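**Q** Dropping a structure here in structure tokens format, bear with me for questions.
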Amino acid sequence: MTDLVPTDRAAIAGPPIVEFRAVTLAYGRREIVRAADLSIAPGERVALVGPNGAGKSTLLRALTGLLAPVAGQVEVDGRDVADFDRAALARRIAVVPQLAVLPFSARVEEIVALGRLPHEDPIRGPRPADRAAVAEAMDRVGLGRLLGRDARELSLGERQLVLVALAIAQAAPIVVLDEPTVHLDLRHQVEVMELLVDLNARDGTTVLAVLHDLNLAARYFPRVLVVADGRIAADGPPADVLTAARIRDVFGVDPGILWGAPWSPASADR
Amino acid sequence: MTAASAGFGASRARTRRSLLREGARRHPRALFGTAVVALAVLAVLAVGFGTVSIAPETTVAIVLHRLLGLDTGATWSAASETIVWDLRIPRVLTAAMVGAALAVAGATFQGLLRNPLADPYVLGTASGAALGAAVALLIPVRIVVVEFGLVHAFAFVGALLAITVVYRLSRLSAWSGMTSLLLTGYAVGSLLAAGLAMAMYLSGATLRQIFAFLLGGFEAATWPRLAIALPLVVVGTAVILWRARVLNGLMLGEEAAAHLGVDVRRERAILLAAGSLVTAAAVAVSGLIGFVGLVVPHVVRLVVGPSARAVLPLSIVVGACLLVLADLGARLLGDIPVGVVSALVGAPFFLFLLRRAQSGYEL
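Quick mapping for you: the protein sequence lines, in order, are chains C and E. Under the numbering used here, the first residue of the first sequence is numbered 1, with each subsequent residue one higher. Under the numbering used here, the first residue of the second sequence is numbered 271, with each subsequent residue one higher.
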């Protein structure tokens, strides 16, 4: 089951798999993130929390190569993201896509199979190994019952699970999610979180997720980054990072609204 | 009792149908092979029909004789050979090529723009080609090089110029890539259509010729024209087939495609260029034939699913079949424009399929 004991970060060996060095990010002239430093070891589960517009998604866009830094450097496996070609980067980082309107009707397994695109030969197309990876990903997420269904007929929760399966089929050492639980009911939220923990525990996949739900972040992520106003305001285990004072300061909300009592590790495990 | 058994029979029929559909979806290669055979049979029959009927075996014998020097023992008149080899075969092959080109371009533009209503003409190629042809017809000078007149050349160049302008202008806009392409295409297309309307208004006696170009047809098909257009279509199609992966990635949106390893900006430019080249070559030899490019990819998707890896090759063959058939219909009905026939056959069939489709198309 879920490992709720925060992983000891010092125990995770090896050079960082993701490294931000004084990264400044901007859309046009509007600066979103200023001189962010961040180092993530292989096999970590990291949640990014913070108010809307703080720069969480922008940080992820820099990591996945969609936004080039104005200053500083983003590295994956010790190599500048800008030096990767797109397919090679897609084999290192799987991003769970945002829910999108599909232009054509497509079956669940056909959507999951898109995760194999970065591994596919442009001429020969999917090979038996690709089909096996798709089947395994569907199995892991428990999509067997949705086999053959039109993806557009599914509920939002089921669609989100399909997109998680797509990212699993991509078989990358890093999985990135941007608010994966935003439309989901409780059961599906937990299901997605458990899948991420399982992926992390069994395959050693490094997981980075932007989350709005601080409870989910605290419960399922041993390391939480609080992003506020374009800076990484705090970084550490949820118990240290999500203090009442910081939540009041960063979100402008009294944490009593969230938990009924000021934050404590005990209430997180309840 | 009767109602129940009727219900059972209907469900069995449905099961059989869905089994067939499953088979088609699992084995697109077998379906592709079948479609190719159907196209070959259709082509031989299409060569035979006309004011002078030619038996299918005579057609085959003439083709074998001309291509491979084989003597099958069959005999035919010199007139039959002229009809088959110089008139009908180039016409049927041109119809097949244009159908294939428009269908593959349609599948490309639909996938690229993520829009089921897109067709090869949506980004201004049609209006560009039409205006080019109209201008060429208004110029009193006649220049012909290897049977390629000003009309063909201007139509080809007009189509490519239009798409280039659309692409350049779209990059200035703040909208996301695909949206801005569609909107710019619409705007530029409207502008060119106004130019075309003006040209038609001023054309006087050549109005009929401009109108014939707008309706499209294969009366003017010859070997040299086919030989010039075919390489362009083949090259463009090959480039597109090579990029089935890209079109699949775009199904979930531009950003998701990028995350799946697609260099969206670059691939979009390449696919746009290849799709437009194929369209322009088709339009230059046959005028504007509508509907094939819109409908064929949808029909194919309903059978084999959305993967471009299956949709593109099958669209090529089905598009070819549809226009060979439409041209045959047009000839049998006394040389009415082929665009009219393809719409008359295609539109009701498409409506029927849309009704049958399990879920609607969201826009």
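Note that the Cβ used here is the ideal one computed from N, Cα and C, for glycine as well. Fair warning: this is a prediction, and the values are worked out from it, not measured in the lab.
#1: When the Cα of A365 (chain E) is compared with those of E:L452, E:A551, E:P583 and E:G604, which residue comes out closest?
#2: Is any beta-carbon of chain E found at less than 8 Å from that of S105 (chain C)?
#3: Shorter than 8 Å from the beta carbon of H335 (chain E) to some beta carbon of chain C?
#4: Quick one: using the 10 Å Cβ neighbour count with 16 as the cut-off for buried, is Y471 (chain E) buried or exposed?
#5: Which residues does DSSP list as the beta-bridge partners of I32 (chain C)?
#6: Could you tell me which residues DSSP pairs with Q479 (chain E) in its beta bridges?
#7: Let me check understanding here. Comparing Cα to Cα, which of C:S105, C:Q160 and C:E44 lies closest to S577 (chain E)?
#8: Could you tell me whether the Cβ atoms of T255 (chain E) and L541 (chain E) are closer together than 8 Å?
#9: Could you name the residues of the same chain whose beta carbon sits closer than 7 Å to that of L584 (chain E), not counting the 5 residues immediately before and after it, in chain order?
#10: By the criterion of Cβ-Cβ separation under 7 Å, what are the contact partners of E110 (chain C) in chain E?
#11: So, does the CB of T64 (chain C) fall closer than 8 Å to a CB anywhere in chain E?
#12: Going by C-alpha to C-alpha distance, which of C:E31, C:P51, C:P42 and C:L25 sits closest to F251 (chain C)?
#13: Could you tell me the distance, in whole angstroms, from the CA atom of W355 (chain E) to the CA atom of A429 (chain E)?
#14: Any heavy atom of the ligand ATP inside 7 Å of the beta-carbon of A165 (chain C)?
#15: Looking at V226 (chain C) and V241 (chain C), is the spacing between their C-beta atoms short of 8 Å?
#16: On the three-pair Cβ rule with 8 Å, is the region 205-212 of chain C touching the region 41-49 of chain C?
#17: Hey, P390 (chain E) and T549 (chain E): beta-carbon distance below 8 Å or not?
#18: Could you give the distance in angstroms between the alpha-carbon of R538 (chain E) and the alpha-carbon of L382 (chain E)?
#19: Can you tell me the Cα-Cα spacing of V436 (chain E) and L451 (chain E), whole angstroms?
#20: What's the call for A261 (chain C), buried or exposed, on a 16-neighbour Cβ count within 10 Å?
#21: So the candidates are E:G398, E:A396, E:G376 and E:H529; which of them puts its Cα closest to the Cα of A388 (chain E)?
#22: Pick helix, strand or coil for Q73 (chain C), following the three-state DSSP scheme.
#23: Measuring only between beta-carbons, confirm whether R127 (chain C) sits less than 8 Å from chain E.
#24: Could you name the residues of chain A that I174 (chain C) contacts, counting a contact when the two beta carbons are closer than 8 Å?
#25: Comparing alpha-carbon positions, which option in E:A331, E:L312, E:G394 and E:G320 lies nearest L363 (chain E)?
#26: Count the CB pairs spanning the region 323-332 of chain E and the region 346-360 of chain E that are closer than 8 Å, and state whether there are at least three.
#27: What residues from chain C crowd round D533 (chain E), counting only those whose CB sits closer than 7 Å?
#28: Work out the CA separation of A497 (chain E) and R116 (chain C) for me, nearest whole Å.
#29: Could you check whether V562 (chain E) and A373 (chain E) sit closer than 8 Å to each other, using their CB atoms as the reference points?
#30: Go ahead and label F619 (chain E) buried or exposed: buried means 16 or more other beta carbons lie within 10 angstroms of its beta carbon, across all protein chains shown.
#31: Flag V95 (chain C) as yes if its beta-carbon sits less than 8 Å from any beta-carbon of chain E, otherwise no.
#32: If you compare alpha carbons, which of C:I247, C:G144 and C:V96 is closest to A172 (chain C)?
#33: Counting contacts by CB-CB distance shorter than 8 Å, is A266 (chain C) in contact with chain E?
#34: Which residue from C:D185, C:I174 and C:A82 puts its Cα closest to that of R159 (chain C)?
#35: State the DSSP-derived secondary structure class of D121 (chain C), mapped to helix, strand or coil.
#36: Since A151 (chain C) contacts R187 (chain C) with CB under 8 Å, what's their CB separation in whole angstroms?
**A** So, from the listed chains and residues:
#1: On the second sequence, residue 365 (chain E) is found 95 positions in, with the first residue counted as 1. The shortest Cα separation from A365 (chain E) among E:L452, E:A551, E:P583 and E:G604 belongs to E:A551.
#2: If you number the first sequence from 1, residue 105 (chain C) lands on position 105. Cβ-Cβ to chain E under 8 Å: yes for S105 (chain C).
#3: Locating residue 335 (chain E) in the second sequence gives position 65, where the first residue counts as 1. The C-beta of H335 (chain E) comes no closer than 8 Å to any C-beta of chain C.
#4: Residue numbering aside, residue 471 (chain E) sits at position 201 when the second sequence is read from its first letter. Exposed, since its Cβ has fewer than 16 Cβ neighbours within 10 Å.
#5: The sequence position of residue 32 (chain C) within the first sequence is 32, counting from 1. Its beta-bridge partners do not exist; DSSP assigns none.
#6: Translated into positions along the second sequence, residue 479 (chain E) becomes position 209. The partner list for Q479 (chain E) (beta bridge, DSSP) is empty, contrary to what the question assumes.
#7: Within the second sequence, the letter at position 307 stands for residue 577 (chain E). It is C:S105 whose Cα lies nearest to the Cα of S577 (chain E).
#8: Not covered by the structure: residue 255 (chain E). The range shown for chain E is 271 to 633.
#9: Residue 584 (chain E) sits at position 314 when you count from the first residue of the second sequence. So the qualifying residues of the chain are P298, L301, F302, A305, V570 and V574.
#10: Counted from its first residue, the first sequence places residue 110 (chain C) at position 110. Neighbours of E110 (chain C) on chain E, chain order: G575, P576 and S577.
#11: Position 64 of the first sequence, counted from the first residue, corresponds to residue 64 (chain C). Cβ-Cβ to chain E under 8 Å: yes for T64 (chain C).
#12: Position 251 of the first sequence, counted from the first residue, corresponds to residue 251 (chain C). Nearest option by C-alpha distance: C:P51.
#13: Here residue 355 (chain E) corresponds to residue number 85 of the second sequence, with the count starting at 1. Here residue 429 (chain E) corresponds to residue number 159 of the second sequence, with the count starting at 1. About 31 Å.
#14: The ligand content of the structure shown is nil, which means the ligand ATP is not present either.
#15: Position 241 of the first sequence, counted from the start, is the residue given in the question as residue 241 (chain C). Position 226 of the first sequence, counted from the start, is the residue given in the question as residue 226 (chain C). For V241 (chain C) and V226 (chain C), yes; Cβs fall inside 8 Å.
#16: yes
#17: Taking the second sequence and counting its residues from 1, one reaches residue 390 (chain E) at position 120. Taking the second sequence and counting its residues from 1, one reaches residue 549 (chain E) at position 279. Contact flag set, yes.
#18: Walking along the second sequence from the start, residue 538 (chain E) turns up at place 268. Walking along the second sequence from the start, residue 382 (chain E) turns up at place 112. Approximately 7 Å, taken between the alpha carbons.
#19: By one-based count along the second sequence, residue 436 (chain E) stands at place 166. By one-based count along the second sequence, residue 451 (chain E) stands at place 181. Between the C-alpha atoms of V436 (chain E) and L451 (chain E) there is a straight-line separation of about 7 Å.
#20: Residue numbering aside, residue 261 (chain C) sits at position 261 when the first sequence is read from its first letter. Low confidence applies here, because A261 (chain C) scores a pLDDT of 47, under 50, leaving its location unreliable; read the following figure in that light. Classification of A261 (chain C): exposed, given that the 10 Å Cβ count is below 16.
#21: Mapped onto the second sequence, residue 388 (chain E) falls at position 118. With distances taken between Cα atoms, A388 (chain E) lies closest to E:G376.
#22: Your numbering for residue 73 (chain C) matches position 73 in the first sequence. Note: Q73 (chain C) maps to strand in three-state DSSP.
#23: Taking the first residue of the first sequence as 1, we reach residue 127 (chain C) at position 127. Not closer than 8 Å to any Cβ of chain E, the Cβ of R127 (chain C) fails to qualify, so no.
#24: Considering every chain present, this structure includes no chain A. Its protein chains are C and E.
#25: Your numbering for residue 363 (chain E) matches position 93 in the second sequence. The shortest Cα separation from L363 (chain E) among E:A331, E:L312, E:G394 and E:G320 belongs to E:L312.
#26: yes
#27: One-based indexing of the second sequence puts residue 533 (chain E) at position 263. The contacting residues are R86.
#28: By one-based count along the first sequence, residue 116 (chain C) stands at place 116. By one-based count along the second sequence, residue 497 (chain E) stands at place 227. Cα to Cα, the separation comes out at about 39 Å.
#29: As a working mapping, residue 373 (chain E) is identified with position 103 in the second sequence. As a working mapping, residue 562 (chain E) is identified with position 292 in the second sequence. Contact flag set, yes.
#30: As a working mapping, residue 619 (chain E) is identified with position 349 in the second sequence. Looking at its Cβ environment, which holds fewer than 16 other Cβ atoms inside 10 Å, F619 (chain E) is exposed.
#31: On the first sequence, residue 95 (chain C) is found 95 positions in, with the first residue counted as 1. Yes, V95 (chain C) counts as interfacial toward chain E.
#32: Here residue 172 (chain C) corresponds to residue number 172 of the first sequence, with the count starting at 1. Taking each of C:I247, C:G144 and C:V96 in turn and checking the Cα distance to A172 (chain C), the smallest one comes out for C:V96.
#33: Taking the first residue of the first sequence as 1, we reach residue 266 (chain C) at position 266. Low local confidence applies: a pLDDT of 47 at A266 (chain C) is under 50, so the model's placement there is unreliable, and no value is given.
#34: The sequence position of residue 159 (chain C) within the first sequence is 159, counting from 1. The shortest Cα separation from R159 (chain C) among C:D185, C:I174 and C:A82 belongs to C:D185.
#35: Residue numbering aside, residue 121 (chain C) sits at position 121 when the first sequence is read from its first letter. Shown here, D121 (chain C) sits in a strand according to DSSP, grouped into three states.
#36: Taking the first sequence and counting its residues from 1, the one referred to as residue 151 (chain C) is at position 151. Taking the first sequence and counting its residues from 1, the one referred to as residue 187 (chain C) is at position 187. 20 Å between Cβ atoms; not a contact.
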